[in-house]
Structure formats: structure tokens, C-alpha cells
DNA sequence: TCACATTTGGGGTCAAGGGCAACATATTCG
DNA sequence: CGAATATGTTGCCCTTGACCCCAAATGTGA
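Chains as they are written, first to last, in the working numbering: chain A, 3 to 400; chain B, 3 to 400.
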């Protein structure tokens, strides 16, 4: 792959990749539009598109009725029958989805579990689901890859889950297990990192190349960093674990936890407590907090917001992103008084860095992790459409 | 540039760039070695090398006498007559150097100044020095570009210095000024960011693709981040300002400054104070601290080390680098008890992230900023050797 | 209403340019 | 002199791009 870079078909592969990436991210595009976007010759685009059609990756359909002068241009779209299987194992359930190359979620299933699943149990469940879906109404489709979003530390090099405390996994070779069970290429990523990718490509961070994503979950705070349009992994792929950071806490009265770790100070559990709840999903918690007249609710929200602001300012100073995306209960904390949060960040961040900064809450809903995991699964295909196609060109029968 | 990407000569340009980059970074290489490193065909490498020779960017010399079997292979080396002018304006002096494409510093001059220079004064000084050097013994060389390392916030898009408090600059269009004065393309960067680049390419961070660099100077703490082998700029190019961060301070007794900003807590001024000095250069301060039996010296070093450890752990959790490089007085603080610093970082960083981490002090001396600035100045040439050559191909006369 | 101009874009052919394979040759060591 | 390593040269292949012609839509005037 890295060897074939300076050669002729390197160009060809890159062009195929560029075309496929465009229709994947921007949706259906006319061939004429593709020529202008790629800067390539019409003939070249036509040839490339034809090749992608032969590979079964895109479909070419009749021109959209446009009320303009001139010959209509055929529309190229990602083939919705090209699927990735996205998997998110969690404490109480495993969510599995079939995500198409056009970004749509073709099917989605949440399998509740009564005990913590071991890695091999997850692999078996994934394989069984895959088999079931293949033989049901997704027959005309083909699954090219599997992507897992795991709540824990994932080593990028080999897809090993180093530590996933809530799942009870340590050094779990989940990639190998799922690969053996499904006979498909598997990618594994940290859930928050994949959420960051999803928000970057399809959510609040569209058209933004430098963003920090922070997600507040039941078990802590995870994050992902996109800089220059690329997910930042770091040396081992563990980057983005802001939850373990120790931000400065200006008011000693604001301290709760001993170590001063962000996810101990800013936590869903503390919000549930002041709301007088024991368990709730995110909208319920948000509503309860908004409506509550209980003493301490506003104070606790403000306290967590102050600490969050310092953590965000630290990240902004270090990374100078143009966007911070907050998800999960952090969105709830932010929404409780967005102006105050922004003011507190502005106070602690460098002015030059803050002036380009926007703070938004996550735009994607529950599909976020599925889309992020599928994106990771598709990434090698998108980078080089000719490599790694398991079954080779698809010859249409007519 | 972005348009010519998928085309034929895009390959050619990339291959030229790859070859030039290799001899630039790794020093002289035999043509045979280049073929294996690039993965290209021998014929191709020969043609490319010849082209670079014609462009006056590399020289091809007789094979090194190697005592091995086989035909000797000609050696390709970056042409030492290709120069960039590196400039570092500081409070008390302006340092200017001629840095060659092979990494050597051909000439270096420190111009002491008796008042803070305004941006246009710096531009005039640079132009005058350039003229002087051109007409003296650097006649056979040619200056291709100018790189400035500025102690302040530099907007990447247009080389505007947004704020350089110690120079007294605000919104100074230094790039335009120097470009007009010298008639050369100019790049401007933050001094610490360029130091990070230099350490990454030629110093303690060779062969390391993910590093965080922190430099302790008289006026504060600056930093630079290299991830995936690339300098991280962020949206505006201001990334790396760790000095403005607020790390958690575990012991309330350790707090000194009100805001809790890193560079107020961990500062050279406080070290000078406990050492009983008013002013000193870095080696003097380090020696004084090491020899001192004054009360409080060890305590202050330990205090600063504890806070620095938290700041480093925060960076490690967020970015998962494989190396942290400490320069300036931070190297002094670290060297006072490196094992303790490592232990304190280990305690506060995620184990998975810490296990791949090394903490080192900067390897490059005073030339660091010159090399970093020159690297930035050369970057466009290295990225595309055919573009931006001001005077076109050099035709050798024989 | 119908022919015709205008505009936009597809199809096909051929040329150009860059990299590669193959064959022949050169240089050093044992 | 043979083995090993590496260069030089020539012809070929492959991909892109330019060119010419045609196709499909809209608008217009007799």
C-alpha cells in the first residue's frame, strides 16, 4: 500500500478513492459535478465511475430532472447494498446495525443481555446476527467489513482491547475473535473516538477540520480529537481520554473527588443524585434537571459547568480547535446555560484561540456510534477501493 | 496544487518530493538505497535524481568507498548551497542564520539590540543581513526562503503575529513586511512549535511520530505538538500553548498564583528567586540550583515538578504521545529528579498511555529555532520541488 | 406548433508523458 | 574468473487529457 504510492496505478487508486469518498460523504452527485470537484477530465471520471460500478460499489442512475438547459448528467451514488456491520457492546446490551455505504442505517438491533458478555460471546453474537441478516431480507446486499465501537482503551495496531472496565475486559483480542467468527475484516475503535468521527463527517462537525469531541456517558467521560480532518490516535491509539485529566479547580469549594479527575467531578451520577433519580436515560435526566426545583440542582449544574469549562479551555489552548462538540450528559450540562459556559471558557482560554471557537452539542442521535464504527470499517475500502474487496468485481446478471 | 493531485505529473512531483525529503532528512544516500527506500524503479530514481540535480537542489558525487562486493552506487546529497534564512527576533537580540538544505548551519549571527525592535525594523535588519551575506562569502549559494520563529501567537493563514507580548507586537503583518523587504517567500511560526519540529526531525524526537514538546523560557512556557509526524496547528495555528493551561494542583499548599495558570506556577522567575539570582542563562541557573544548599531550593523544584507532572499527564491522556521533550528550564526541573517526575506522571496518566511514553530533555542546542524556522521555510520546496523555485532550473556551465 | 439555435455534457479516439521491465554492461571482492 | 551488486538504455504499458462529434434538454421565432 505504501509501496504502490509513487507508481502509475497509485494515481488510479487515489482517483478511485477520491471519487468514492465524494459520493460516500456528499451523497449522490452528478458526473458533471464530480468532474469539477475532482478536477479530472470528463473521460477520466466516466472511466473511473464505470470501474466503481463494475466493482459493485456505486450505482449510476438516470439523471435527476433538473429544469435547466443542457444535457442532463447521470447521477453517481454509493451503492446502498454495500454494508458494514457496526457493533457496540455495552454493559446492558449489544447494539448491532447494518450501515450502508451511503450512510443509511439499513437495520438496527439492540440485544439486551442479562450478564456481562465475554469477548468470545460478543463475537459469537455478531456472527449469528450476521448470518441471520444475510439470509433474511438483506440477501441482495453484501457485508464487506465489521466495525466495533468499544467503551474502553483500544490499541490501534492490532485491535486489542487493553482495558474496558465496565465490560470487565482486559487485553481482549476482540478483533481476532470477531474476524475468526465472521470471516470479515474487522476494525475496532474507542467509542468516543468513533463518535467524534461520526460527528465530524455527518454531524455537528461537518465541514470542520479541527474539533474536539467530548461525550458524557454513564461510566465516565470519553473523547475524540479530529485535527486537520483526521482522527488523532496518538502512539497507541488511546488519544482523547480527557476524562482522566485533572483540570484546575479554581474554587476549593467546588472540589468533590479526591484526585480531582474530571470524570469524578463532572459525572452523571452526581447529576442523578441531585435530581433525586436512581436511573434514567438522557432525555429523562435532562427534563428532570430542567424542571426541578430541588435545592442544589442549579448549583450542581453550575459547579460541573465551571470545571468542564476549565477542562475545555485547557483543550482549546493546547489544540486550538474551531469546534467543541459535547454529547451525552455533557450536552445537558452545557445546555443548562450555554452562554455561561462560553463565558467561562473565554475567560480561561487564550483570546486568539477562543475567537474562532464554537461550542455545540452533538447533532447525531443514537446512530452516532453505529455510523462511526461503520466509517472505520469502510475506511480501508475508501482509501483504496481496489484492495481488500473480498469477492472481487461483481458481475451483474441481466 | 490540490488540483494537480490525481494527474500524471502529480506522481512525478510527489516522487521528486519524496526523494528530496529523504536526502534532506537522512543525509547523503546512495542511489541504490534510495531505490529501496522509495520502492521505485532504479531507472525512475536515476531520472528523478538527475532532475533534482538539474534543479540545483541536490548534488551527485562519486560513490563512497565501501568495502563490499558489487558495483558502487553514486551518492545523492542535498545541495549545501541551497539556503534558507532563519530569523528569531527576541527581546534583547535578533538571531539570524543561514541554514542549508542539508541541515547544516552555514552562518549565524546574533544582533544585540538596545530597544525593542518594531516589525518593520526587523524586516529591514533581515533584508540588510541578507544583502550583506549574499555579497560576501555565500555568493555561490542561493537563498530560497525566509523562516521566522516568533515568540508569540502566529496566525498560520497569513503569518500575522497576533500577539507577542514580550516584543510588544500586536497584529503585526511580519510576513508581508519581510516578504517586501527581501523579495523572498516567508513563513512565520511560533518559536516553540518550530522548536518541536526541529526536535522531531533532528533532535530528541527522531523517528518518533507522536511527541509533545514543552519549552520553558524566561517569559513563559510554550509548546508544540507533533502527531502522526505532522505539526499540529489547529484551526488558526495557535495550538501548543500549554503554558496558559490550568492543571489540577493536588496539594493546596503548592498553589502560588491566583489563576493557577501553568506558567505562573512553574516559572523560571521562581527558580531564580530561590536560587538567589536575579538573572542567569540556563546552564548557570541549572548549576546554581544543583549546587545550592539554600533552603527551599529542593522544595521549589519538587513543587514545580509536581505541577508539571500533572500538566504532562493531562497532555498524555489527551494525546497519547510516545515522547515528551522538555526544553529550557523545564529540562532543569526534570533533570533535578527525572525518576520522580516519571513516577508522578505515571500516577496520573492512564497506564496504557504511560507505558509507551518516554520523557526526555531537548537534544538540540541553540540552533534549534534556526533549524525549525528553516525547515518551515523549506517546507513548500520539499512538498513540491518543481513549484516555487524562484529562478527556475539552474543550468550548470561546464 | 414546429423547426432551429443554444447550452450542457457524454462517447470515442488518439497523443503524451511517466514509470517499469528487460537486457546489456560496469565495478568490486574472493 | 565467477559471484554479487548496481548502473544505463531501450521499448512498452498504462493512465490521463485534448479533441471532435454527438446527445439531450430548454428557449425562441416564424
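Virtual Cβ for every residue (Gly too), placed ideally from N, Cα, C.
Cβ pair residue i, residue j closer than 7 Å
i, j, result
"residue 65 of chain A", "residue 82 of chain A", "no"
"residue 42 of chain B", "residue 18 of chain B", "no"
"residue 322 of chain A", "residue 300 of chain A", "no"
"residue 311 of chain B", "residue 347 of chain B", "yes"
"residue 98 of chain B", "residue 31 of chain B", "no"
"residue 319 of chain A", "residue 243 of chain B", "yes"
"residue 108 of chain A", "residue 100 of chain A", "yes"
"residue 214 of chain B", "residue 364 of chain B", "no"
"residue 387 of chain B", "residue 22 of chain B", "yes"
"residue 326 of chain B", "residue 314 of chain B", "yes"
"residue 194 of chain A", "residue 226 of chain A", "yes"
"residue 188 of chain B", "residue 174 of chain B", "no"
"residue 91 of chain A", "residue 179 of chain A", "no"
"residue 270 of chain B", "residue 331 of chain B", "yes"
"residue 250 of chain A", "residue 250 of chain B", "yes"
"residue 253 of chain A", "residue 307 of chain A", "no"
"residue 220 of chain B", "residue 184 of chain B", "no"
"residue 302 of chain A", "residue 276 of chain A", "yes"
"residue 132 of chain A", "residue 196 of chain A", "no"
Contact test: residue i Cβ vs the ligand COA heavy atom, cutoff 6 Å
i, result
"residue 183 of chain A", "By its list of ligands, the structure shown contains no ligand whatsoever, and the ligand COA lies outside what it can speak to."
Opposing strand residues paired with residue i [DSSP bridges]
i, result
"residue 30 of chain B", "DSSP lists no partner for residue 30 of chain B."
"residue 363 of chain A", "A:328"
"residue 97 of chain B", "B:90 and B:112"
"residue 162 of chain B", "B:157"
"residue 63 of chain A", "A:77"
"residue 172 of chain B", "B:165"
"residue 145 of chain B", "B:85"
"residue 150 of chain B", "B:89 and B:190"
"residue 102 of chain A", "A:85"
"residue 107 of chain B", "B:101"
For residue j and residue i, the rounded distance between their alpha carbons
i, j, result
"residue 372 of chain B", "residue 186 of chain B", "17 Å"
"residue 207 of chain A", "residue 54 of chain B", "42 Å"
"residue 182 of chain A", "residue 298 of chain A", "52 Å"
"residue 47 of chain B", "residue 146 of chain A", "38 Å"
"residue 351 of chain A", "residue 16 of chain B", "39 Å"
"residue 234 of chain A", "residue 385 of chain B", "22 Å"
"residue 282 of chain B", "residue 198 of chain B", "24 Å"
"residue 398 of chain A", "residue 210 of chain B", "Its pLDDT being 36, under 50, residue 398 of chain A is placed unreliably in this model, and the value from its coordinates should be taken loosely. Residue 398 of chain A and residue 210 of chain B: Cα-Cα distance of roughly 48 Å."
"residue 115 of chain B", "residue 127 of chain B", "11 Å"
"residue 379 of chain B", "residue 229 of chain A", "22 Å"
"residue 287 of chain B", "residue 278 of chain B", "10 Å"
"residue 280 of chain A", "residue 274 of chain A", "6 Å"
"residue 268 of chain A", "residue 375 of chain B", "41 Å"
"residue 34 of chain A", "residue 11 of chain A", "24 Å"
"residue 395 of chain A", "residue 143 of chain A", "Interpretation of residue 395 of chain A is limited by its pLDDT of 41, a score under 50 that renders its predicted location unreliable; the figure taken from the coordinates is listed afterwards. C-alpha separation (whole angstroms): 14 Å."
"residue 309 of chain A", "residue 248 of chain A", "10 Å"
"residue 191 of chain A", "residue 204 of chain A", "18 Å"
"residue 324 of chain A", "residue 201 of chain A", "14 Å"
"residue 136 of chain B", "residue 218 of chain B", "35 Å"
"residue 432 of chain A", "residue 362 of chain B", "Beyond the ends of chain A as shown, which are 3 and 400, falls residue 432 of chain A; an answer cannot be given."
"residue 25 of chain B", "residue 69 of chain B", "23 Å"
"residue 241 of chain A", "residue 152 of chain B", "29 Å"
"residue 381 of chain A", "residue 125 of chain B", "47 Å"
"residue 123 of chain B", "residue 62 of chain B", "41 Å"
"residue 236 of chain A", "residue 236 of chain B", "16 Å"
Assumed close pair residue i, residue j - CB separation to whole angstroms, cut-off 8 Å
i, j, result
"residue 40 of chain A", "residue 20 of chain A", "6 Å"
"residue 158 of chain B", "residue 224 of chain B", "The pair is not a contact, with the Cβ atoms about 15 Å apart (cut-off 8 Å)."
"residue 165 of chain A", "residue 149 of chain A", "With a Cβ gap of about 20 Å, residue 165 of chain A and residue 149 of chain A do not count as contacting."
"residue 103 of chain A", "residue 59 of chain A", "7 Å"
Pick out the complete alpha helix (DSSP H) segments inside the stretch 183–263 of chain A, 4 residues or longer, and give them in chain order. 193–204
Length-filtered (4 minimum) alpha helix (DSSP H) runs lying within the stretch 254–330 of chain A: 264–267, 270–277, 284–293 and 299–321
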